[in-house]
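Residue numbers (the working numbering): 1 to 139. The beta carbon of each residue, even a glycine, is placed where N, CA and C say it ideally should be. Below: the structure, in structure tokens.
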Amino acid sequence: QLTRAIQNVMGNAIQAAADKKGSVKVTAEHNDLFIDLRVEDTGDGIAPEQVEKIFEPYFTTKQGKSGTGLGLYITQKVIEDHRGSIKLESKTGIGTALTLRFTLEHSQWREFFKTEEGMGVWGAAVVSAVRGGWWGGLG
């Protein structure tokens with residue numbers, strides 16, 4: 001589920017950037033307290049009146065294109081189920097950034113994300129999204 005949630009965020013960013021022939025930047029950072037995965041695109045951004053609705057079920061900014069409006073809703077639930085949070089920042093005409101944050105307060109997460117396998121969860125999601133596997137994901 002976590003990999004699919006990350007794929008969805010990546011897929012949305014790739015779609016937004018492609019519409020404007022822009023780019024996507026992915027960064028990961030961690031310390032002893034948390035791990036952040038940040039996905040930024042240089043797409044059109046999300047209108048301020050839509051930002052507060054973006055995690056609601058069936059809400060989509062892709063009218064007339066694709067999307068069910070469930071992708072970010074499900075993604076948020078998955079992230080929260082893993083004791084994480086998701087933060088959206090967007091500027092119309094400039095782009096959007098989503099930051100997925102997971103606290104490492106529980107020793108199993110802290111130890112897991114220090115391993116190659118743990119970091120591979122992020123890498124696998126990014127590689128899959130870039131290769132186009134995201135379209136079979138959450139929406």
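What are the boundary residues of the alpha helix (DSSP H) that residue i is part of?
i	result
E49	P48 to V51
I14	L2 to D19
D81	G71 to D81
Using the Cα positions of residue i and residue j, report the straight-line distance between them to the nearest angstrom.
i	j	result
A16	F55	17 Å
T60	L104	32 Å
D44	V51	13 Å
V24	L98	11 Å
W42	E89	Reading off the sequence, residue 42 comes out as Thr, not Trp. One C-alpha to the other measures close to 12 Å.
K87	E40	12 Å
K53	H30	29 Å
R101	I35	6 Å
K21	I94	12 Å
G11	V26	12 Å
Y73	E80	11 Å
V78	E49	25 Å
Do you know whose CA, among the options, lies nearest residue i's CA?
i	options	result
A13	L33, G69, T96 and T92	T96
A5	E89, I94, K91 and S85	S85
G67	L2, V9, E49 and Q1	V9
D19	K77, K91 and K62	K62
A28	T92, K21 and R38	R38
Report yes if the C-beta distance between residue i and residue j is below 8 Å; otherwise report no.
i	j	result
G69	P57	yes
L2	H82	yes
A47	T75	no
Between which two residues does the beta strand (DSSP E) containing residue i stretch?
i	result
K91	G84 to K91
K25	V24 to H30
G95	G95 to T103
L33	Here L33 belongs to no beta strand (DSSP E), and DSSP marks it neither H nor E.
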